Amino acid sequence: MSPRGPADDGDELLARLGSLTARAYELAEQQRSRVELAVALQRGMLPRRLPAFPGVRLAVRYAPANHGLYVGGDWYDAFPMADGRIGLSIGDVQGHNIEAAAFMGQVRVGLRALGSVGGDPGELLARTNDLLQALGGDLFATCTFIRLDPATGVMESARAGHVPHIWATGDGRSGIDTGEGGPPLGIVEGAAFPVTRHRLREGGVFVLLTDGVVEGPSLSLDEGLARVAELARTAALTGLAVDALASRVVAMAEAVGHEDDAAVLVVGHDAPAAAA
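So in my numbering, spot 156 of the sequence shown is number 156, and the numbers just go up one at a time.
Here it is, written out as structure tokens:
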């Protein structure tokens with residue numbers, strides 16, 4: 001039996017390289033399919049359009065993290081509540097995969113369903129947290145829920161481990177919500193979520209967002225929130241449309257230094273607010 005020569009070794013090496021290349025291509029195609037499925041699921045879970053409410057202006061911008069392996073679970077929502085007020089939510093599910101996208105849909109639908117039976121935002125988040133605890137699972141979500149009375153401009157808000165929202169008034173004042181929040185949804189059994197009350201006055205805006213807009217390796221959370229507060233102040237002072245403000249805020253996501261979901265929901269109020 002003659003020893004194998006260089007040609008035989010070369011043929012074997014080429015065969016192995018061909019096999020590895022084919023396998024790598026197969027795995028890449030599988031991953032691409034999973035990402036495409038997750039993105040489709042993610043988009044299907046979000047509202048196609050925001051409802052219209054007299055005296056209230058809403059604008060949303062959403063940049064999904066569908067680069068490479070990352071498909072996030074950020075969401076936004078706005079819907080009429082049974083008592084005539086408006087329910088607004090924005091949130092972020094832990095993880096960047098198809099499970100995160102599916103869990104996001106569960107949380108958003110749960111908030112809507114529970115919101116239809118009434119209760120303030122703190123009670124609503126507590127019931128949603130109890131529901132997620134009952135369902136089990138390893139994922140959790142941060143969230144802000146706001147109940148807005150369009151007739152008076154009164155906004156009641158509660159946060160579950162989420163980044164603060166921003167407010168600005170037509171006379172040039174702005175700030176960051178300092179109300180106490182509770183833990184993320186799905187972690188602590190029986191958690192409580194304090195409610196903070198604000199008044200959205202004529203010409204004012206509120207900016208709800210996810211951390212992919214304001215925090216990352218290249219931008220600290222405090223710096224990011226301060227930049228949004230300045231954008232909101234300028235917008236309210238100059239009467240900038242909520243759509244334009246939403247676009248300017250979501251553009252900040254390019255400066256945070258990572259690939260993550262970025263969601264922005266801007267709320268403006270046209271009707272004069274009733275006296276306190």
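All C-beta atoms in this analysis are idealised placements derived from N, C-alpha and C, irrespective of residue type, glycine included.
This structure is a prediction, so every number in the text was calculated from the model and none was measured.
Range of the contiguous beta strand (DSSP E) that encloses residue i
i	result
residue 154	154–160
residue 61	56–63
residue 77	73–80
residue 174	174–176
residue 148	141–148
residue 197	196–199
residue 168	166–168
First through last residue of the alpha helix (DSSP H) which encompasses residue i
i	result
residue 210	It is not in any alpha helix (DSSP H) - residue 210 carries neither H nor E in the DSSP assignment.
Contact under 8 angstroms by Cβ, residue i with residue j
i	j	result
residue 267	residue 225	no
residue 249	residue 237	no
residue 142	residue 165	no
residue 78	residue 126	no
residue 169	residue 159	no
residue 196	residue 157	yes
residue 252	residue 233	no
residue 265	residue 86	no
residue 260	residue 212	yes
residue 246	residue 59	yes
residue 229	residue 146	no
residue 194	residue 186	no
residue 93	residue 139	yes
residue 189	residue 133	yes
residue 136	residue 100	no
residue 270	residue 57	yes
residue 341	residue 240	This structure cannot speak to residue 341, because the chain is shown only from 1 to 276.
Backbone CA spacing between residue i and residue j [nearest angstrom]
i	j	result
residue 184	residue 81	23 angstroms
residue 113	residue 55	25 angstroms
residue 69	residue 110	Per-residue confidence for residue 69 stands at a pLDDT of 49, beneath the threshold of 50, marking its modelled position as unreliable; no derived number is given.
residue 51	residue 256	31 angstroms
residue 118	residue 46	22 angstroms
residue 61	residue 206	14 angstroms
residue 53	residue 64	27 angstroms
residue 217	residue 254	11 angstroms
residue 180	residue 220	20 angstroms
residue 104	residue 75	7 angstroms
residue 149	residue 155	7 angstroms
residue 102	residue 84	29 angstroms
residue 151	residue 198	14 angstroms
residue 120	residue 153	15 angstroms
residue 178	residue 167	11 angstroms
residue 215	residue 174	20 angstroms
residue 129	residue 122	11 angstroms
residue 223	residue 202	27 angstroms
For residue i, three-class secondary structure by DSSP
i	result
residue 267	strand
residue 93	strand
residue 256	coil
residue 227	helix
residue 273	Its pLDDT being 42, under 50, residue 273 is placed unreliably in this model, and the coordinates cannot settle the point.
residue 219	strand
residue 185	strand
residue 246	helix
residue 262	strand
residue 47	coil
Tell me the start and end of each unbroken alpha helix (DSSP H) in the region 82–139 that is at least 4 residues and wholly inside, in chain order.
98–115, 121–135
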